[in-house]
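Undergrad: Residue numbers (this note's numbering): 182 to 398.
Even glycine gets a Cβ: it sits at the ideal position worked out from N, Cα and C.
Okay, here's the structure, questions in a sec.
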């Protein structure tokens, strides 16, 4: 792995009361091993995990600000019988239309960031020592300003394809299309404080992550 000894950002401290709490942002491409790194930080280092993907699902629920905004923007056709957002219909609307996709992101991404900020504040008030914000679109959405360290999890293309074939049942062509639709590894790594490559064994990865965490305690 590559380690850049960058100072902790001060931005997240503006939203936390506990100045000793560290906020680590974990991001990476599809099938890179982000969730595995986050779980190691939770299970071996005691970090609390904020999963941006789960926050995204919550943001679509009735009563959330996004819910009404999405209906106003995309119409009643995205409403299911139980008044929840039909994510499949919505995905079909934005999939081949970049402008509609950008509109969706402009509605949902700021709400997820706000929810993550609230959770960070909550953990801070409870004297949590470390919080991990795991987000595949950390950089695309501009959420890196609410973390102290940006950890980019990376793997080579062939390994990512193999993982997607095994985990998601995708063909090689489908897996490659998913990978190519995202920011490249080089782009992410250029913005990272820490780069962790996940091509080795789980034990090797655990040792890497724990050692990195201990450096930043």
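Would residue 336 pass as a contact of residue 209 if the rule is Cβ separation under 9 Å?
TA: By 1-based counting over the chain shown, the position of residue 336 is 155. By 1-based counting over the chain shown, the position of residue 209 is 28. Going by C-beta atoms, residue 336 is nearer than 9 Å to residue 209.
Undergrad: How long is the line joining the alpha carbons of residue 267 and residue 257, rounded to whole angstroms?
TA: Here residue 267 refers to the residue found at position 86 of the chain shown. Here residue 257 refers to the residue found at position 76 of the chain shown. If I take the Cα positions, the gap works out to 10 Å.
Undergrad: First and last residue of the alpha helix (DSSP H) that includes residue 353?
TA: Along the chain shown, read from residue 1 onward, the residue named residue 353 stands at position 172. Where residue 353 is concerned, the enclosing alpha helix (DSSP H) stretches over 353 to 361.
Undergrad: Tell me residue 389's beta-bridge partners as DSSP assigns them.
TA: As a working note, residue 389 is residue 208 in the chain shown. Note: residue 389 sits in no beta bridge, so no partner.
Undergrad: For residue 187, which residues of its own chain have a beta-carbon under 6 Å away from its beta-carbon, when the five flanking residues on both sides are left out?
TA: In the chain shown, the residue the question calls residue 187 occupies position 6. Residue placement at residue 187 cannot be trusted, given a pLDDT of 42 that sits under 50; what the coordinates show is reported in the next sentence. Hits under 6 Å: 374.
Undergrad: Assuming contact is defined by CB atoms lying nearer than 9 Å, are residue 311 and residue 212 in contact in what I supplied?
TA: The sequence position of residue 311 within the chain shown is 130, counting from 1. The sequence position of residue 212 within the chain shown is 31, counting from 1. No, Cβ-Cβ distance for residue 311 and residue 212 is not below 9 Å.
Undergrad: With DSSP as the reference, label residue 206 as helix, strand or coil.
TA: Indexing the chain shown from 1 puts residue 206 at position 25. Note: residue 206 maps to strand in three-state DSSP.
Undergrad: Starting from the Cα of residue 219, find the closest Cα among 255, 333, 307, 284 and give me that residue.
TA: Reading the chain shown from its first residue, position 38 is the one you call residue 219. If we check each option's Cα against that of residue 219, 333 comes out closest.
Undergrad: Could you pull out every residue in the same chain whose Cβ sits closer than 6 Å to the Cβ of residue 192, ignoring the five residues on either side in sequence?
TA: Counting from one through the chain shown, the residue named residue 192 turns up at place 11. At residue 192 the pLDDT is 48, less than 50, meaning the model places this residue with poor confidence and gives no usable figure here.
Undergrad: Measuring straight from C-alpha to C-alpha, what distance separates residue 349 and residue 340?
TA: Taking the first residue of the chain shown as position 1, residue 349 is located at position 168. Taking the first residue of the chain shown as position 1, residue 340 is located at position 159. One C-alpha to the other measures close to 14 Å.
Undergrad: Are the region 297 to 314 and the region 228 to 244 in contact at 8 Å, needing three or more beta carbon pairs?
TA: Yes, since at least three Cβ pairs between the region 297 to 314 and the region 228 to 244 fall closer than 8 Å, the two stretches touch.
Undergrad: What three-state label does DSSP hand residue 335 in the structure shown?
TA: For the purposes of this step, residue 335 is identified with residue 154 of the chain shown, where counting begins at 1. Residue 335 falls in the strand class under three-state DSSP.
Undergrad: Might you give, ordered along the chain, the residues of its own chain that have their beta carbon closer than 7 Å to the beta carbon of residue 284, omitting 5 neighbours on each side?
TA: The residue given as residue 284 occupies position 103 in the chain shown. The residues are 254.
Undergrad: Work out the CA separation of residue 262 and residue 182 for me, nearest whole Å.
TA: Taking the chain shown and counting its residues from 1, the one referred to as residue 182 is at position 1. Taking the chain shown and counting its residues from 1, the one referred to as residue 262 is at position 81. At residue 182, the pLDDT of 45 sits below 50, so the modelled position is not reliable and the matter cannot be decided from this model.
Undergrad: Between residue 222 and residue 394, is the Cβ-Cβ spacing less than 9 Å?
TA: Stepping through the chain shown from its first residue, residue 222 is reached at position 41. Stepping through the chain shown from its first residue, residue 394 is reached at position 213. Contact: yes.
Undergrad: Which of helix, strand or coil does DSSP assign to residue 211?
TA: Locating residue 211 in the chain shown gives position 30, counting from the first residue. Note: residue 211 maps to coil in three-state DSSP.
Undergrad: What does a CB cutoff of less than 7 Å around residue 344 pick up in its chain, not counting 5 residues either side in sequence?
TA: Taking the first residue of the chain shown as 1, we reach residue 344 at position 163. Here the set comprises 212.
Undergrad: In three-state DSSP terms, what is residue 297?
TA: On the chain shown, residue 297 is found 116 positions in, with the first residue counted as 1. Residue 297: helix per DSSP, three-state reduction.
Undergrad: What does DSSP give as the partner residue(s) for residue 377 in the beta ladder?
TA: Here residue 377 is taken as the residue at index 196 of the chain shown, counted from 1. Residue 377 is bridged to 334.
Undergrad: Expressed to the nearest angstrom, what Euclidean distance is found between the alpha-carbon atoms of residue 317 and residue 392?
TA: Translated into positions along the chain shown, residue 317 becomes position 136. Translated into positions along the chain shown, residue 392 becomes position 211. Cα to Cα, the separation comes out at about 23 Å.
Undergrad: Would you mind giving the Cβ-Cβ distance between residue 304 and residue 265, rounded to the nearest angstrom? I have them listed as a contact below 8 Å.
TA: Walking along the chain shown from the start, residue 304 turns up at place 123. Walking along the chain shown from the start, residue 265 turns up at place 84. Not a contact, Cβ separation roughly 28 Å.
Undergrad: At the level of alpha carbons, what is the spacing between residue 233 and residue 300?
TA: By one-based count along the chain shown, residue 233 stands at place 52. By one-based count along the chain shown, residue 300 stands at place 119. Each residue's alpha carbon lies about 11 Å from the other.
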